[in-house]
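In the working numbering, the protein residues as written are 36 to 217.
We put the beta carbon where it would ideally sit given N, CA and C, even for glycine.
The model shown is predicted, which means the values in this text are computed figures rather than measured ones.
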Ligand SMILES: [Zn+2]
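Given below as structure tokens:
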């Protein structure tokens, strides 16, 4: 299966154990968020003991079972598990805009109530870390056309992917997202 997401679009799909998911930027670099039903950010953080993903890392569900394994990251930009994904409230408060964020798009694609959406995996999203006070802030992504991240499916699940709608600030990117599942 293959599909393309324009900026501000999200789609959910059932994936089966043994399949591979490849997520690429086409046209230009483009931030994307990924989530699967049951994803648990805290358990994943505890198991990995870091928040920037590397090849071989697994993403865990609430039962502490690995669901997706990172098989490749082809990008100078980081793929991290720090942020929950952009959302209406963030756009309203930070930019005075009335628009859906990745969380709204992903919840809608998955058909789950907005408050029940897990945190997200932030593809190609760079940030700066201040190790002195353990803080972090977003910085302009180094993502470019052709960058990609791939996952191996360890357990049947429903995943959703969004092409981040951000048009301002450090998260402004202008490409499309291509998803291949096989
Ligand atoms: Zn977003």
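Beta-carbon proximity list for residue i, same chain, < 7 angstroms, skipping 5 on both sides
| i | result |
| --- | --- |
| residue 41 | 198 and 211 |
| residue 109 | 182 and 183 |
Inter-residue Cα distance where the pair is residue i and residue j
| i | j | result |
| --- | --- | --- |
| residue 178 | residue 107 | 15 angstroms |
| residue 105 | residue 127 | 33 angstroms |
| residue 44 | residue 214 | 12 angstroms |
| residue 36 | residue 142 | 21 angstroms |
| residue 135 | residue 176 | 21 angstroms |
| residue 166 | residue 154 | 23 angstroms |
| residue 195 | residue 132 | 24 angstroms |
| residue 74 | residue 95 | 6 angstroms |
| residue 139 | residue 149 | 6 angstroms |
| residue 52 | residue 71 | 13 angstroms |
| residue 63 | residue 207 | 11 angstroms |
| residue 47 | residue 39 | 12 angstroms |
| residue 90 | residue 68 | 18 angstroms |
| residue 120 | residue 201 | 11 angstroms |
| residue 248 | residue 103 | The shown model of the chain, from 36 to 217, leaves out residue 248, and the question about it has no answer. |
| residue 57 | residue 137 | 19 angstroms |
| residue 216 | residue 168 | 41 angstroms |
| residue 101 | residue 93 | 6 angstroms |
Three-way DSSP call (helix, strand, coil) for residue i in this model
| i | result |
| --- | --- |
| residue 187 | strand |
| residue 195 | strand |
| residue 172 | strand |
| residue 86 | coil |
| residue 47 | strand |
| residue 159 | coil |
| residue 118 | coil |
| residue 69 | strand |
| residue 79 | helix |
| residue 143 | helix |
| residue 177 | coil |
| residue 204 | helix |
Cβ-based neighbour list, residue i, same chain, cut-off 6 angstroms, excluding 5 preceding and 5 following
| i | result |
| --- | --- |
| residue 130 | 203 |
| residue 112 | 159, 161, 176, 177 and 178 |
| residue 118 | 157 |
Counterpart residues of residue i in DSSP-defined beta bridges
| i | result |
| --- | --- |
| residue 57 | 185 and 215 |
| residue 38 | 214 |
| residue 74 | 96 |
| residue 101 | 95 |
Neighbourhood of residue i by C-beta distance below 8 angstroms, restricted to the same chain and skipping five residues each side
| i | result |
| --- | --- |
| residue 80 | 86 and 116 |
| residue 170 | 164 |
Any contact of the stretch 134-153 with the stretch 171-186, i.e. 3+ C-beta pairs under 8 angstroms? no
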